[in-house]
Structure formats: structure tokens, C-alpha cells
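Undergrad: In the numbering used here, the protein residues as written are 899 to 1127.
Here it is, the structure in full.
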Amino acid sequence: MKHLVFALIIAVALGMASAAFAADIVTCPTANQLKAGEVDVAGYYIFLDFPEPMLQYVRVQTLYVGVTDRLELDLHRYDLDRIAPETLWIASYKVHSEDAKMPDVVVGAKDLADRVGNPAMPRKTSYFVAAAKTLNLPAPGSPPDLPLYRLHLGVGTEDPSLLGEDRHDGAFGGIQVLVNSKIGVIALYDSADLITGVTYTPKPNWPTFKAGTFGDHTWVGINYTFGVK
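What follows is the structure, given as C-alpha cells:
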């Protein structure tokens, strides 16, 4: 559920793509990387499909900061039903920017800082390499040919930070589609669950509203991306 700001030349097209592809699935690393001075804030609510008295929900708040065009620092706060909230730190670095032939490539680490941890949120630093390629990236000076398709593929070490279930252990990935200027869809496999989502951005520079499935669970969310000087 990270952001896509890829090299579309026309400013309007860039705004459309970044909004519709923004922060779709917070639990799955991708090569969608913010640029220097960009900030994204988001909130998610996951309705857990567990019988009582097991956990019934997860609330997630995220902050993404583009430190440079290559370095991004993220903060994820997980607030699980009946469990004290905990905060995870994530860092990622873009080693290659997408061009006509090669994908965006990002390396990163999740859950960097020390924290208490508990059976529903065990603490273990995980590492990943993620790549993403826009299949029909417009040529410089050309308008976007909608829909836009972006493929994701990554490999990583186990991340048990959500519900104690190992994720990103081995290969993971999927596809994002910008259907039109307002609507995007996504399907990702995080090595444990299939995650789906639909995003809706009413107008450029507005928040993006989103909802979908997460394995047997369902989720809703909202995010907003802005620039700082």
C-alpha cells in the first residue's frame, strides 16, 4: 500500500497517476517511491474476519516522507483490537528509476527500531527488494494512453508484524491499473494473502478513497499526498 509517482511528462497525467495509484496496500512493499519533499498521510481500518473472542479490527495510520528522490522514510502505527498500539519504522532506497526498458527498483527494510512486540505483532526486522514497471508508459511529450498498467514483483524475508502471520517471505507482487483519471484497481499477493482494492480520487489534489479485501478480511482507507518546501 505505497505511492506511485512515475515519470509521466505531462503534469496533469502525473497528478492523475499519483492519486489513483497512491498507497493502496499498507502491508505490502512496492517500488512506488515518493520524490523529495513529498509527504503522504493515510488511515486504514481492517475488518478482521475472526470469530469472537479473537481480534476484530486493525486501525493503521501511516506517514511517508520523500527525503530525497531516492530515499524514503515511513512510519506505520498499528492499533489492534484490545492490544496496545505499536509503531514501525521503514526505510527504502531507489537504486534504479524506471525508464523505457528498465523498472523502478527499490531496496528496503521494515520494522527497524526497537519496540515491545506481542504475539499479534511480533518484532522482527525484514528486508525486501521490489521492482515495478509501467507497461504502457507514455513517451516524452505524449498524453497517457489509459488505462495504465503497472506490474509489481518483489522478494523479501519474513515480516510477522501484522497478526503474527509471515508476509513477504519469498516472492510477492501483483498489478495496479489506472482505469481513468478517478479510478484505480489493484491486486497483490503478499506471500500470505491475496489483497485487492479499488481507489477513487474525485479531483486532482484531493484525498484518495479506497476499499478492498485482504485475504478473508475487508478494509477501507483514505490517503492524501502533498508537497512541502
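Don't be surprised by glycine CBs; every beta carbon is placed ideally from N, CA and C.
So, with DSSP's three-state summary, where would you put E950?
TA: Coil, per DSSP.
Undergrad: Give the secondary structure of A929 by DSSP, where H, G and I count as helix, E and B as strand, and everything else as coil.
TA: In this structure, A929 counts as coil in the three-state DSSP scheme.
Undergrad: Which residue wins for smallest C-alpha separation from N1078, given the options K1022, Y1122, K1101, Y1087?
TA: Considering only alpha carbons, the answer is K1101.
Undergrad: Enumerated in chain order, which unbroken segments of the beta strand (DSSP E) with a length of 3 residues or greater are wholly contained in the stretch 937 to 1017?
TA: List check, beta strand (DSSP E) in window: 955 to 964, 969 to 978, 984 to 994, 1002 to 1008.
Undergrad: Using the three-state DSSP reduction, which class does A920 fall into: helix, strand or coil?
TA: Note that A920 has pLDDT 45, beneath the 50 cutoff, so the model's placement of it is unreliable and no number is given.
Undergrad: In the DSSP assignment, find the unbroken beta strand (DSSP E) run with H1115 in it and report its ends.
TA: First-last of the beta strand (DSSP E) with H1115: 1115 to 1125.
Undergrad: To the nearest angstrom, report how far apart D1009 and D1057 are at their CA atoms.
TA: Rounded to the nearest angstrom, the two C-alpha atoms are 9 Å apart.
Undergrad: Measuring only the C-alpha atoms, how far is L971 from T925?
TA: Approximately 15 Å, taken between the alpha carbons.
Undergrad: Near I981, what residues of its chain come up, given a Cβ to Cβ distance below 8 Å and the 5 sequence neighbours on each side ignored?
TA: Counting only Cβ-Cβ distances below 8 Å, and skipping sequence neighbours, we find L953, N1016, A1018, M1019.
Undergrad: Since V1027 contacts G1052 with CB under 8 Å, what's their CB separation in whole angstroms?
TA: That belief holds up - the Cβ atoms of V1027 and G1052 are roughly 6 Å apart, short of 8 Å.
Undergrad: How big is the Cα-Cα spacing for A998 and P983?
TA: Their backbone Cα atoms lie some 43 Å apart in a straight line.
Undergrad: Give me the DSSP bridge partner(s) of V1075.
TA: Per DSSP, Y1047, V1083.
Undergrad: Look at the Cβ atom of K992, then the Cβ atom of R968, and state whether they are nearer than 7 Å.
TA: The answer is yes: Cβ separation under 7 Å.
Undergrad: Distance, Cα to Cα, Q931 vs G964?
TA: One C-alpha to the other measures close to 8 Å.
Undergrad: Taking DSSP as the reference, what is the three-state secondary structure of G1110?
TA: If DSSP states are grouped into helix, strand and coil, G1110 belongs with the strands.
Undergrad: Put G1052 into one of helix, strand or coil per three-state DSSP.
TA: G1052: strand per DSSP, three-state reduction.
Undergrad: Give the straight-line distance between the Cα atoms of H1115 and A1037, rounded to the nearest whole angstrom.
TA: Looking at the two C-alpha atoms, the distance is approximately 39 Å.
Undergrad: Answer with buried or exposed for N1103, where buried requires no fewer than 16 other C-beta atoms within 10 angstroms of its C-beta.
TA: Burial call: exposed.
Undergrad: Go ahead and label A1011 buried or exposed: buried means 16 or more other beta carbons lie within 10 angstroms of its beta carbon, across all protein chains shown.
TA: Flag for A1011 reads exposed.
Undergrad: For a quick check, are the C-beta atoms of S1040 and D1067 less than 7 Å apart?
TA: No, they are not a contact pair.
Undergrad: With distance defined between alpha-carbon atoms, name the residue in S1059, T1111, Y1122 nearest to I944.
TA: Of the candidates S1059, T1111, Y1122, the one whose C-alpha sits nearest the C-alpha of I944 is T1111.
Undergrad: Determine the burial state of K1031: buried for a count of at least 16 other Cβ atoms within 10 Å of its Cβ, exposed for fewer.
TA: Buried.
Undergrad: For A1029 versus A940, is the C-beta spacing smaller than 7 Å?
TA: For A1029 and A940, no; Cβs fall outside 7 Å.
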